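Numbers 342 to 659, taken from the numbering used here, label the letters of the sequence shown in order. Yeah, the Cβ is synthetic: ideal placement off N, Cα and C, and Gly gets one too. If you're wondering where the values come from, they're calculated on a predicted model, not measured in any experiment. Step one of this worksheet: look at the structure below.
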Amino acid sequence: PAPQAPQAPLAAMPPQPARPLPAMPVAPPQPPPVAPAEKTVLCKVFNADEEYFGYVGSDGACYDASGVVMGYLNDSEQTAGSARGEYLGSASEARGGESTIETPQGQPLAKLDLGRARLMTLAGSTVAEFKGDGEVIANLGHKVCRFDGLSFRDQTTMALYLSFIAPDLLEVAAKSHGAGATTAPLPPVPLPAPVPPATMPAPVPPPAATPMPMPAPVPVPVATPPQPVAPPQPVKEAPPPQAVVETKEELPPATPPQPAAPAVQVTPPQPQAPPKDSYVAIADFPGGENWQASIQAGDLMDLVEEHGDGWATGLVKK
Numbered sequence: 342p343a344p345q346a347p348q349a350p351l352a353a354m355p356p357q358p359a360r361p362l363p364a365m366p367v368a369p370p371q372p373p374p375v376a377p378a379e380k381t382v383l384c385k386v387f388n389a390d391e392e393y394f395g396y397v398g399s400d401g402a403c404y405d406a407s408g409v410v411m412g413y414l415n416d417s418e419q420t421a422g423s424a425r426g427e428y429l430g431s432a433s434e435a436r437g438g439e440s441t442i443e444t445p446q447g448q449p450l451a452k453l454d455l456g457r458a459r460l461m462t463l464a465g466s467t468v469a470e471f472k473g474d475g476e477v478i479a480n481l482g483h484k485v486c487r488f489d490g491l492s493f494r495d496q497t498t499m500a501l502y503l504s505f506i507a508p509d510l511l512e513v514a515a516k517s518h519g520a521g522a523t524t525a526p527l528p529p530v531p532l533p534a535p536v537p538p539a540t541m542p543a544p545v546p547p548p549a550a551t552p553m554p555m556p557a558p559v560p561v562p563v564a565t566p567p568q569p570v571a572p573p574q575p576v577k578e579a580p581p582p583q584a585v586v587e588t589k590e591e592l593p594p595a596t597p598p599q600p601a602a603p604a605v606q607v608t609p610p611q612p613q614a615p616p617k618d619s620y621v622a623i624a625d626f627p628g629g630e631n632w633q634a635s636i637q638a639g640d641l642m643d644l645v646e647e648h649g650d651g652w653a654t655g656l657v658k659k
């Protein structure tokens, strides 16, 4: 092969000064979410870490921490709906101290023990327990969330919120503290199927013309001759009136006036002790412990002392 010509060495490039990078715009820090004014809030919701999760408005609308509508609650009808107005489920009327959380198809989803303030599965396992200050505790004793402004008396509202509006609170608690738990304690709620668009019915052909039937001839009744009228019967004269003899009734002799009875001395009413607070039971409650009283719907109870954990001491009148 022919020898190649030597190549010229490359010229050294002078060093270039480093160019400063343009400063990137930094977004200002966002303030933490804050609940709206108290007059429009029924209760505030905080998660297990006491972080603000959202709130329930006085009109039943449920908002997240950013102010976006999550769904709706109706306390009077005990129902729940989605943000688009779809019916999600309800809580049935209390029977025997229990209420059932039902899906839109009427299928039972969970049970609510009103006496012990617990949300349970259909198999009887405790999913959440509602405390007197609105705190919700799971079956393993860890915290699920807290409803600031509600108590165990509003357990139906809290159960509907956890079952339909924010079931992820229960799911996060189960994943964080449950032994190998990977799913939510309650089965997912099936959303209602979309309604198909309306279709126009196929045109119906007009019926074929049919001859109208002629009515049958109506027979004309034959006039009958008048019947002879019986002669009038003579009227008997009434007997003459009897003479009325007036008799004077003798009046009994007047009795002398009796002396007036002595005046009765009226004693002033004595002051009575102030009445105790009385309540009427609206549902049956079978006492499960030896210190719990068993009551039936309609029993009258006098309040003796209230305790801080939501229980109270009282007298039951059968």
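Sheet register partners of residue i (DSSP bridge)
{"i": "tyrosine 393", "result": "Phe387"}
{"i": "aspartate 625", "result": "Bridge partners of aspartate 625: none, in fact."}
{"i": "proline 449", "result": "Glu443"}
Whole-number beta carbon distance between residue j and residue i, since they are thought to touch under 8 Å
{"i": "glycine 395", "j": "tyrosine 413", "result": "That belief does not hold up - the Cβ atoms of glycine 395 and tyrosine 413 are roughly 13 Å apart, past 8 Å."}
{"i": "phenylalanine 626", "j": "glycine 438", "result": "5 Å"}
{"i": "isoleucine 442", "j": "leucine 455", "result": "Rounded, the Cβ-Cβ distance is 12 Å, inconsistent with contact."}
{"i": "alanine 514", "j": "alanine 389", "result": "6 Å"}
Residue i to residue j span [Cα, whole Å]
{"i": "threonine 497", "j": "alanine 432", "result": "7 Å"}
{"i": "isoleucine 506", "j": "tryptophan 652", "result": "28 Å"}
{"i": "arginine 487", "j": "glutamine 446", "result": "30 Å"}
{"i": "methionine 411", "j": "asparagine 631", "result": "43 Å"}
{"i": "proline 503", "j": "alanine 464", "result": "Residue 503 is actually leucine in this sequence, not proline. Leucine 503 and alanine 464: Cα-Cα distance of roughly 18 Å."}
{"i": "glycine 490", "j": "aspartate 650", "result": "15 Å"}
{"i": "alanine 406", "j": "glutamate 392", "result": "10 Å"}
{"i": "glutamine 633", "j": "leucine 656", "result": "12 Å"}
{"i": "alanine 614", "j": "aspartate 643", "result": "For alanine 614, the pLDDT reaches just 49, beneath the cut-off of 50, and the residue's location in the model is therefore unreliable, although a value from the coordinates is still provided. Each residue's alpha carbon lies about 14 Å from the other."}
{"i": "threonine 462", "j": "alanine 500", "result": "12 Å"}
{"i": "aspartate 416", "j": "serine 423", "result": "15 Å"}
{"i": "aspartate 282", "j": "leucine 383", "result": "With the chain covering 342 to 659 only, the question about residue 282 has no answer from this structure."}
Three-way DSSP call (helix, strand, coil) for residue i in this model
{"i": "alanine 469", "result": "strand"}
{"i": "leucine 455", "result": "coil"}
{"i": "alanine 435", "result": "coil"}
{"i": "serine 517", "result": "helix"}
{"i": "threonine 381", "result": "helix"}
{"i": "alanine 416", "result": "With the sequence shown as reference, residue 416 is identified as aspartate, and alanine is not the correct amino acid for it. Looking at aspartate 416 - three-state DSSP - the assignment turns out to be coil, as it is neither helix nor strand."}
{"i": "aspartate 400", "result": "coil"}
{"i": "glycine 422", "result": "strand"}
{"i": "leucine 463", "result": "coil"}
{"i": "glutamate 646", "result": "strand"}
{"i": "alanine 634", "result": "coil"}
{"i": "lysine 659", "result": "coil"}
{"i": "valine 410", "result": "strand"}
{"i": "aspartate 405", "result": "strand"}
{"i": "glycine 430", "result": "strand"}
8 Å Cβ cutoff, residue i in contact with chain C
{"i": "serine 399", "result": "Reference to chain C is not applicable here, since this structure consists of a single protein chain."}
Can you give, in chain order, each stretch of the beta strand (DSSP E) that sits fully within the segment 475–513 and has at least 3 residues? 476–479, 484–489
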